[in-house]
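What follows is a short report on a single structure.
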């Protein structure tokens, strides 16, 4: 397993339970976006089906671009590797996220899975739709979806509860690093603020976890 794969495997197991050089002008870097699903429900159904079948690259195409690379910060990924993955829109990173999710989820997705459309909410002008996923074992999980070149699963809204405490340290180091890569990553992190805010207000989130998520949001927005 590659070093990058190991980061995402470790990260996604936690979430289940709860090639070009850097450009001197990061803002000028563009990457192709994959086409998402036609609806929030279709996005979640497609992701679950792909994960169940082991088609992790396909599942990765239905996750919001860049979020898997940003989440790798929680497991010690270097700033240079995260920046490269973001600039290249590396599909391996997203695929490895879902591969790790499948390993951490165990039998969660085994058997018949039912889906129920939930609420639609907006945070800081970003619209999110929730899909309740009920597997055969009787447990329940809510996945949040947003329209990003088609409907795609938002990893930080869906799994932010398991990420926040692990990301505070890396983001503090990003703030003090003052390198091209650190500034680029901090800029990209702005896009997950609304997702983290949604995760903080999710039902059942403990006071401690909510405070950790909000502390992470405060760090990210310090440079906005």
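Residue numbers (this note's numbering): 102 to 325.
Beta carbons: idealized from backbone N, C-alpha and C, even for Gly.
For the structure I just gave you, are there three or more beta carbon pairs, one from the stretch 226 to 236 and one from the stretch 244 to 254, closer than 8 Å?
yes
Run through DSSP, which three-state label would residue 227 get?
One-based indexing of the chain shown puts residue 227 at position 126. Residue 227: strand per DSSP, three-state reduction.
Could you say which of 280, 304, 251 lies nearest to residue 143 if we only look at CA atoms?
The sequence position of residue 143 within the chain shown is 42, counting from 1. Of the listed residues, the one whose Cα sits closest to residue 143 is 251.
Around the C-beta of residue 217, are 16 or more other C-beta atoms found within 10 angstroms, so that it is buried, or is it exposed?
Position 116 of the chain shown, counted from the start, is the residue given in the question as residue 217. By the neighbour-count rule (16 or more Cβ atoms within 10 Å), residue 217 is not buried but exposed.
For residue 283, collect the residues of the same chain with a Cβ closer than 6 Å to its Cβ; drop the 5 residues on either side in sequence, then sort them by chain order.
For the purposes of this step, residue 283 is identified with residue 182 of the chain shown, where counting begins at 1. Hits under 6 Å: 180, 275.
Grab me the residues of residue 306's own chain with a C-beta within less than 7 Å of its C-beta, minus the 5 sequence neighbours each way, in chain order.
Reading the chain shown from its first residue, position 205 is the one you call residue 306. Excluding residues within five positions, the ones whose Cβ falls inside 7 Å are 262.
Note down, one range per segment and in chain order, each alpha helix (DSSP H) of at least 4 residues found wholly within the stretch 141 to 210.
141 to 153, 157 to 161, 168 to 172, 180 to 189, 192 to 206
Taking a contact to mean a Cβ-Cβ separation below 8 Å, would you say residue 268 touches residue 315 in this structure?
In the chain shown, the residue the question calls residue 268 occupies position 167. In the chain shown, the residue the question calls residue 315 occupies position 214. Not closer than 8 Å, so no.
Hey, out of 136, 149, 139, 168, whose CA is closest to residue 257's CA?
Numbered from 1 along the chain shown, position 156 holds the residue referred to as residue 257. When each option's Cα is compared against that of residue 257, the closest is 168.
In the DSSP assignment, find the unbroken beta strand (DSSP E) run with residue 280 in it and report its ends.
Residue mapping note: residue 280 aligns to position 179 of the chain shown, counting from 1. Residue 280 -> no beta strand (DSSP E), and no H or E assigned at all.
Proximity of residue 190 and residue 157 at Cβ, strictly below 8 Å
Taking the chain shown and counting its residues from 1, the one referred to as residue 190 is at position 89. Taking the chain shown and counting its residues from 1, the one referred to as residue 157 is at position 56. Taking 8 Å as the Cβ cut-off, residue 190 and residue 157 do not qualify as a contacting pair.
Can you give the Cα-Cα distance for residue 146 and residue 310, rounded to whole angstroms?
By 1-based counting over the chain shown, the position of residue 146 is 45. By 1-based counting over the chain shown, the position of residue 310 is 209. Answer to the nearest angstrom: the Cα atoms are 28 Å apart.
If I'm right that residue 161 touches residue 198 with Cβ under 8 Å, what's the distance once you round it to whole angstroms?
Taking the first residue of the chain shown as position 1, residue 161 is located at position 60. Taking the first residue of the chain shown as position 1, residue 198 is located at position 97. Yes, they are in contact, since the Cβ atoms of residue 161 and residue 198 sit about 7 Å apart, within 8 Å.
Sequence-distant residues of its chain with Cβ nearer than 7 Å to residue 224 (five each side left out):
Position 123 of the chain shown holds residue 224. Counting only Cβ-Cβ distances below 7 Å, and skipping sequence neighbours, we find 295, 298, 299.
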